[in-house]
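*Asks:*
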Amino acid sequence: TYVIAEPCVDVLDRACVEECPVDCIYEGGRALYIHPDECVDCGACEPVCPVEAIYYEDDVPQQWSAFTADNAAFFTEPLAGRAEPLGAPGGAAKLGRLGVDTPLVAGLEEQG
Ligand code: F3S
Ligand code: F3S
2 TYVIAEPCVD
12 VLDRACVEEC
22 PVDCIYEGGR
32 ALYIHPDECV
42 DCGACEPVCP
52 VEAIYYEDDV
62 PQQWSAFTAD
72 NAAFFTEPLA
82 GRAEPLGAPG
92 GAAKLGRLGV
102 DTPLVAGLEE
112 QG
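Residue 2 is where the sequence shown starts when you use the UniProt record's numbering, and the numbers rise one by one after that.
#1: Considering only heavy atoms of ligand 1 and the C-beta of each residue, which residues fall inside 7 Å, strictly closer?
#2: So, for V61: in the same chain, excluding its five sequence neighbours on each side, which residues have a beta-carbon less than 8 Å away from its beta-carbon?
#3: Comparing C-alpha positions only, which one of F75, S66, E19 and P22 sits nearest to P37?
#4: Taking 8 Å as the threshold, find out whether the segment 100-112 comes into contact with the segment 28-47 through three or more Cβ pairs.
#5: For the beta strand (DSSP E) that contains L33, what are its first and last residues?
#6: Just to check my reading of the structure: C25 and A93 have Cβ atoms closer than 8 Å, yes? What is that Cβ distance to the nearest angstrom?
#7: How many angstroms separate the CA atom of A45 from the CA atom of V12?
#8: Comparing the CB of E58 with every heavy atom of ligand 2, is any distance shorter than 7 Å?
Structural data, given as structure tokens:
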């Protein structure tokens with residue numbers, strides 16, 4: 002899978018969303034998250050991000066290594082105010098902006 006790391010936080014450019022052929026990039030509140038099971042590793046999202054937030058899982062820079070598990074956690078853990086995890090919705094567009102983040106992203110200081 003590909004992973005969205007810290008540079009996306011508070012930027013949310015969304016160019017990646019337009020490129021993804023399987024609509025597996027979901028919008029939280031302060032960042033977007035790639036669904037690790039829905040991503041087909043096409044790589045189309047990676048070069049279009051203006052802040053270089055997207056990496057193949059084996060290439061995530063060390064300082065952002067926690068974001069690999071964190072992208073997955075967005076779907077497997079219940080998020081604030083929600084009883085159930087998102088699971089595998091099968092497409093981000095129909096959900097729109099979810100307005101919630103993982104504890105890791107929610108706890109970051111305001112970026113930029
Ligand atoms: Fe974020 Fe870059 Fe996509 S800033 S929304 S990962 S284009
Ligand atoms: Fe979509 Fe990027 Fe994966 S374009 S399929 S999230 S590599």
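Using N, Cα and C, we set each Cβ at its ideal position, and we do this for glycine too.
*Replies:* In terms of the structure at hand:
#1: In chain order, the residues that have a beta carbon nearer than 7 Å to some heavy atom of ligand 1 are I5, P8, C9, V12, L13, D14, R15, A16, C17, V18, I26, A32, L33, C46, V49, C50, P51, V52, A54 and I55.
#2: Counting from one through the sequence shown, the residue named residue 61 turns up at place 60. Answer for V61: V4, A6, F68 and T69, listed in chain order.
#3: In the sequence shown, counting from the first residue as 1, residue 37 sits at position 36. That would be F75, whose Cα lies nearest to the Cα of P37.
#4: yes
#5: As a working note, residue 33 is residue 32 in the sequence shown. L33 -> beta strand (DSSP E) spans L33 to I35.
#6: Stepping through the sequence shown from its first residue, residue 25 is reached at position 24. Stepping through the sequence shown from its first residue, residue 93 is reached at position 92. Under the criterion of beta carbons closer than 8 Å, C25 and A93 qualify as touching, at roughly 7 Å.
#7: Here residue 45 is taken as the residue at index 44 of the sequence shown, counted from 1. Here residue 12 is taken as the residue at index 11 of the sequence shown, counted from 1. Looking at the two C-alpha atoms, the distance is approximately 19 Å.
#8: Locating residue 58 in the sequence shown gives position 57, where the first residue counts as 1. E58 Cβ: outside cutoff for every heavy atom of ligand 2.
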